[in-house]
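Residue numbers (this note's numbering), protein chains in the order written: chain A, 1 to 101; chain B, 1 to 109; chain C, 1 to 487; chain D, 1 to 318. Idealized CB from N, CA, C, for every residue including glycine. Working notes for the structure below.
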Amino acid sequence: MDTNLIFTLGGIGLCGLGLFGFIYHCHLLRRLIAFNLIGNGTFLIMVGFAQRGQGVTDHVIQALVLTGIVVAVSATALALVLIRRWFHLKGSTQLPEDDAS
Amino acid sequence: MTALVILQSLLLISGALMFVVGSIGLLRFPDTYTRIHALTKADNVGLGLIIIGLIPANFSLLVTLKLLLIWLLVMLASALSGHLVAWEARAKQVPLAPSEGESNDELTD
Amino acid sequence: MNMILSPIPWLLVIPLAGAVLTMLIPLNWRSPASMFGLLTQLLASLLLGYQVSQYGTQIYAMADWQAPLGIALRADGLATLFILMSSLVATACALYAHLYLNLTKRGHFWPLLWFLWASLNGIWLAADTFNLYVGLELLTFAAVGLVAFASDERSLEASIRYLYAALLGSMAYLLGVALLYGAQGTLAMDSLAETWHWGPTNQVAITLILGGLLLKTAVFPMHTWLPPAHGGALTPVSALLSALVIKASFYILLRFWVEFEVYRHLPSLSQLLGVLGAGAIIWGGWMALKQTHLKMVVAYSTVAQIGYISLMFPLLTAENSEASLMAYHGGILMLLAHAFAKAGMFLAAGNLIYCTGKPDLASLAGMSRYRPLNIFAFGLAGVSLMGLPPSGGFNAKWLLLQSSFLSGQWWWIVVLLIGSLLSAAYIFRVFAYTYQETEATDSFRRPPITIELIALCLSVASILLGFLSIWPVNVVSLPGPFMEAMP
Amino acid sequence: MNLLIDLTLLTGILAIAATSLLSRSLFQSVIFFILLGLTLALGWIRLGAPDIALAEAAIGAGITGVLLLDTLGHLKKTGKLDKDEHRPSYPRLLLAILSSVTLVVLLLWAVFHQPTPAIQLHLLVEEALPDSGVSHQITAVLLNFRSYDTLLEVGVLVLAVLVGLALQTDQHQQDSLPGLPNPLLHACLTLLVPAMLITSMYLLWAGSDRPGGAFQAGAMLAAAFILLHLSGIKLSAQLSHRMMQFGLLLGFTVFLVVATSSVIGGRPLLAYPDGGAGLLILLIELALTLSIGLILLSLFTIANSPPLSSRSGGSNGH
Numbered sequence: 001m002d003t004n005l006i007f008t009l010g011g012i013g014l015c016g017l018g019l020f021g022f023i024y025h026c027h028l029l030r031r032l033i034a035f036n037l038i039g040n041g042t043f044l045i046m047v048g049f050a051q052r053g054q055g056v057t058d059h060v061i062q063a064l065v066l067t068g069i070v071v072a073v074s075a076t077a078l079a080l081v082l083i084r085r086w087f088h089l090k091g092s093t094q095l096p097e098d099d100a101s
Numbered sequence: 001m002t003a004l005v006i007l008q009s010l011l012l013i014s015g016a017l018m019f020v021v022g023s024i025g026l027l028r029f030p031d032t033y034t035r036i037h038a039l040t041k042a043d044n045v046g047l048g049l050i051i052i053g054l055i056p057a058n059f060s061l062l063v064t065l066k067l068l069l070i071w072l073l074v075m076l077a078s079a080l081s082g083h084l085v086a087w088e089a090r091a092k093q094v095p096l097a098p099s100e101g102e103s104n105d106e107l108t109d
Numbered sequence: 001m002n003m004i005l006s007p008i009p010w011l012l013v014i015p016l017a018g019a020v021l022t023m024l025i026p027l028n029w030r031s032p033a034s035m036f037g038l039l040t041q042l043l044a045s046l047l048l049g050y051q052v053s054q055y056g057t058q059i060y061a062m063a064d065w066q067a068p069l070g071i072a073l074r075a076d077g078l079a080t081l082f083i084l085m086s087s088l089v090a091t092a093c094a095l096y097a098h099l100y101l102n103l104t105k106r107g108h109f110w111p112l113l114w115f116l117w118a119s120l121n122g123i124w125l126a127a128d129t130f131n132l133y134v135g136l137e138l139l140t141f142a143a144v145g146l147v148a149f150a151s152d153e154r155s156l157e158a159s160i161r162y163l164y165a166a167l168l169g170s171m172a173y174l175l176g177v178a179l180l181y182g183a184q185g186t187l188a189m190d191s192l193a194e195t196w197h198w199g200p201t202n203q204v205a206i207t208l209i210l211g212g213l214l215l216k217t218a219v220f221p222m223h224t225w226l227p228p229a230h231g232g233a234l235t236p237v238s239a240l241l242s243a244l245v246i247k248a249s250f251y252i253l254l255r256f257w258v259e260f261e262v263y264r265h266l267p268s269l270s271q272l273l274g275v276l277g278a279g280a281i282i283w284g285g286w287m288a289l290k291q292t293h294l295k296m297v298v299a300y301s302t303v304a305q306i307g308y309i310s311l312m313f314p315l316l317t318a319e320n321s322e323a324s325l326m327a328y329h330g331g332i333l334m335l336l337a338h339a340f341a342k343a344g345m346f347l348a349a350g351n352l353i354y355c356t357g358k359p360d361l362a363s364l365a366g367m368s369r370y371r372p373l374n375i376f377a378f379g380l381a382g383v384s385l386m387g388l389p390p391s392g393g394f395n396a397k398w399l400l401l402q403s404s405f406l407s408g409q410w411w412w413i414v415v416l417l418i419g420s421l422l423s424a425a426y427i428f429r430v431f432a433y434t435y436q437e438t439e440a441t442d443s444f445r446r447p448p449i450t451i452e453l454i455a456l457c458l459s460v461a462s463i464l465l466g467f468l469s470i471w472p473v474n475v476v477s478l479p480g481p482f483m484e485a486m487p
Numbered sequence: 001m002n003l004l005i006d007l008t009l010l011t012g013i014l015a016i017a018a019t020s021l022l023s024r025s026l027f028q029s030v031i032f033f034i035l036l037g038l039t040l041a042l043g044w045i046r047l048g049a050p051d052i053a054l055a056e057a058a059i060g061a062g063i064t065g066v067l068l069l070d071t072l073g074h075l076k077k078t079g080k081l082d083k084d085e086h087r088p089s090y091p092r093l094l095l096a097i098l099s100s101v102t103l104v105v106l107l108l109w110a111v112f113h114q115p116t117p118a119i120q121l122h123l124l125v126e127e128a129l130p131d132s133g134v135s136h137q138i139t140a141v142l143l144n145f146r147s148y149d150t151l152l153e154v155g156v157l158v159l160a161v162l163v164g165l166a167l168q169t170d171q172h173q174q175d176s177l178p179g180l181p182n183p184l185l186h187a188c189l190t191l192l193v194p195a196m197l198i199t200s201m202y203l204l205w206a207g208s209d210r211p212g213g214a215f216q217a218g219a220m221l222a223a224a225f226i227l228l229h230l231s232g233i234k235l236s237a238q239l240s241h242r243m244m245q246f247g248l249l250l251g252f253t254v255f256l257v258v259a260t261s262s263v264i265g266g267r268p269l270l271a272y273p274d275g276g277a278g279l280l281i282l283l284i285e286l287a288l289t290l291s292i293g294l295i296l297l298s299l300f301t302i303a304n305s306p307p308l309s310s311r312s313g314g315s316n317g318h
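Put into structure tokens, the structure is as follows:
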């Protein structure tokens, strides 16, 4: 059990938890948090799994994760803008329950 | 050398203990004001102990100064945030805990 | 080749610069500046088309670093065709938007459109898996922004649904890319294909990537986010989304499918995709038949059409290379015909709604007498979508039918026939409404003739494609790594 | 010993994530999410990725956390937060459990059958590093080898702000957040803000040969801006709308101009001229830092400004 494997497993756990929350919850903020959990899990898997394969610290994948983190924060901010507008218009924090994806 | 290691370990462990005590205080104290007290005081002392414990590990002046700077900034930040929380709580008239009563769950509402 | 004369960088720089510029300059200058941009984009795409058909596939090393270390762009026949398609459709939609939106809305529309265009070109040209991820995110944000900026309740709900589905899809894609990198140590498509081996890691990676992309393409049963988003957006946006945006994730799917020879190793997956496609054809057609709002009919028709395009996957088999080639050509033609026909249909539908002021079908009564040109545009697009001769849609369906015969998978023929009947039904149903004469109010707004002509041009293009099918088929068959990996 | 630390961190991360996901109180969820970011930063250090640790703490935990908390506060202020939170349906729970278990099993299967990668990209990076103009590998990858990705990524950031702006009709509207009139806070700001600015510049400078870089520096700058904003000193009020927009786009523009100039010079897009790479990278990073700071601030203030009353009824108005 080396560090890379342990954190890869942690990433898998986070992805699983996040996906569960993303589907299970209706509240838009909770689903957003769940999405961020999947994101963090994916980043852990990216670095842990790549470094486990290469056997050294892999700076390429670390750079990619930096890009990923910035994209994730933009996504979160965009979603929050939409959620706030939705809340303002409808006074609700979840989407109508016809057949939410 | 070993004496130094023992001293270091003592400092680090007691610093960690301070954090533990602070966390317990945060969970167990009855109202906002006492919780701030537990948190900030224990954290400042705990971090101080840990930083003093870290200095001799691989002594260099630059690193020592950086560590002390970290301590200083954390103390400043925690004092300020403690003050702000208390100030806001007072402005909202969050009551002090009655001497024997139930805790009012400020943090979890 | 001279670096200045290569149009590849300009296909990315012009839209990105257009986005920055249209954010900075005053509102009333944004349209003229964008018109200039449209012109240069068209020229650049035509130049690329010429160069690729003359000199073959072009590789462009970004920042002068060769592929596994740096990012390479690759313009092969498929990419070139998609660049030309997006240039033509986006230009038409942009001109329409310029005439359709008011000054403030237009001001916000231009930068979003330029970002959308930049991401589309980036995706068509990309030959790097992570670069595709960033391109997909850029595309998602631009598309969500365009949906949301109608800024009423319905479009806001649709944009939130769309954003959440798309984010989940791209995260699944990224997870797959992470696994591929861990297994092979590279992100470039070419070097991935060279060192590819079908271990469990790669299988899981491909599953995740396909899953994510299917969600983003809105393949049945993951299509629920699509109809509200495409039906609820402003008209030119609906056209852009249906004609181009969903094609991007499909295009990536196709590239992965062929270049990594997924069809050879996971044949059961290709049958599954075919079943999903069949489900989409039937369910989308059925739902389109039940809608009461005009744009929702068109949006559900997109769901069904995605189904047709997905039928190309089970027909791309390793056993019968002739049938596979036919299916590939049929699928691409279907995609192309759908891009033009659906853009034309959405614009024509938007014009009709503009006339009546109401979005529902019942208020279309009398339209065929009042706006015959518009109904004609709608009808021509309908001909291509139904697959009646002579149209691009007919040729595409014909190729798919023949391919099903050749490879002995007769059950897809049944699906194709049922789908055609359903699409005929929902399109004639719209017509039936327009021929009704009621004594209800007869005061219609008159749209400018130019926006009707734009819709007509797109519909005519989808019909013309029926006569010119040989040209796109030749372009997508130009030799390159993609064609080498074909069965 | 290290194994023990790793396993403790792993357990902590999973426990915190589960709490953040399943806690009844939304406030607790957000707080635990921020806590997760900080714990993950420790994890990144263990993985030998100090750059990501910095970014995770500053962006993942800091900026995301502030955005979430602020939205939560806004929802609370407008009342009736938890009222419409009925429990999700049973089939939904089943679907959630099924898909997450499937995902975990698939991923575990994939991870434990990892082949040896055929290509060792890090060798190529080391080989090309002397020509990249910087000596820190991550900065070299981000701003030289894969600079195209970074260009598009900055585009994503700009686009997020753009969408936010497009959803506001009146761009000159000030946000509703009153500043905190606390005297001690304002006194401390004179000490804290310069310290933050210096740290930000240090991070930027360090990026060329040590962990750090434009994104971390930009996040630090944004933190300083947001702190100022919260205490009532509004940058958006000080700068004109046009100046603000120019600042938002500066980084992207500089990046794009540098990229295009190399095409006009007859080289591929984004290729730096011989010997000028280091200087140009620093220039781009400087502009990016400022823009990222402003962009992250705008993402915060846009979310904050009062949403406008819904516009004229029909969606297809001319």
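The residue among B:V94, B:A79, B:S14 and B:R90 with its C-alpha nearest the C-alpha of L192 of chain D is B:A79. Counting other Cβ atoms within 10 Å of its Cβ, V71 of chain A reaches 16 or more and is therefore classed as buried.
At a cut-off of 8 Å between beta carbons, R84 of chain A makes no contact with chain C. For the segment 77-102 of chain B, the set of residues with a beta-carbon nearer than 8 Å to any beta-carbon of chain D comprises A77, L80, H83, L84 and W87, in chain order. Using a CB distance below 8 Å, the part of the segment 138-162 of chain C facing chain D consists of L138, F141, A142, V144, G145, A148, F149, A150, S151, D152, E153, R154 and S155, ordered along the chain. Inclusion of S298 of chain D and V161 of chain D in the CB contact set at 8 Å is warranted, their separation being smaller than that value.
Relative to the Cα of V74 of chain B, the nearest Cα in the group B:L39, B:L12 and B:S23 belongs to B:L39.
At a beta-carbon threshold of 9 Å, the residues of chain A lying near R46 of chain D are T3, I6 and F7, ordered along the chain. Spanning the alpha carbons of G41 of chain A and G218 of chain D requires a straight line of approximately 24 Å.
In this structure A287 of chain D is in contact with G251 of chain D, their Cβ atoms being roughly 4 Å apart against a cut-off of 8 Å. Under a criterion of Cβ atoms nearer than 9 Å, the residues of chain A adjacent to G182 of chain C are, in order, T8, I45, M46, G48, F49, A50, Q51, R52, G53, Q54 and I61. What S147 of chain D touches in chain C, judged by beta-carbon distance under 7 Å, is A63, going in chain order. DSSP lists C:L73 as the beta-bridge partner residues of Y60 of chain C. Contact between the segment 312-325 of chain C and the segment 255-271 of chain C is present: 3 or more CB-CB pairs across the two stretches fall below 8 Å.
Out of D:I97, D:D51 and D:Q137, the CA that lies nearest to the CA of Y24 of chain A is found in D:I97. Contact note: L179 of chain C reaches chain A through I45 and F49, using a C-beta cutoff of 8 Å and chain order. Chain order gives the chain A residues near M171 of chain C as F35, I38, G39 and T42, where near means a beta carbon separation below 8 Å.
Among the residues facing chain A, I302 of chain D is included, as its CB has a counterpart in that chain under 8 Å away. With 16 or more other CB atoms across the displayed protein chains lying within 10 angstroms of its CB, L48 of chain C is buried. By the rule that beta-carbons nearer than 8 Å mark a contact, L95 of chain A does not touch chain D. In the three-state scheme derived from DSSP, where H, G and I count as helix and E and B as strand, D360 of chain C is classed as strand. For I83 of chain A, the enclosing alpha helix (DSSP H) begins and ends at H59 to K90. Of the residues B:G25, B:N58, B:I55 and B:P56, the one whose Cα lies closest to the Cα of A42 of chain B is B:G25.
Taking a contact to require three or more Cβ pairs closer than 8 Å, the segment 143-153 of chain C and the segment 15-29 of chain A do not qualify as touching.
Within the segment 218-249 of chain D, the residues whose Cβ lies closer than 9 Å to some Cβ of chain C are R242, Q245, F246, L248 and L249, listed in chain order. Contacts with chain C at 8 Å (Cβ-Cβ) do not include Q28 of chain D. Interface residue (Cβ-Cβ distance to chain A less than 8 Å): L103 of chain D is classified as such.
Listed along chain B, the residues sitting closer than 8 Å to A195 of chain D by beta-carbon distance are L73. In terms of Cβ geometry, L121 of chain D and P68 of chain C form a close pair [threshold 8 Å].
Cβ contact annotation for W205 of chain D (same chain, cutoff 8 Å, sequence separation greater than five): G212, in chain order. Against chain C, the CB of L78 of chain A has a partner CB under 8 Å away; the residue lies at that interface. In the structure shown, H293 of chain C adopts extended strand secondary structure according to DSSP, grouped into three states. Close partners of W109 of chain D in chain C (Cβ separation under 8 Å): P200 and V204. In the three-state DSSP reduction, D190 of chain C falls in the helix class (H, G or I).
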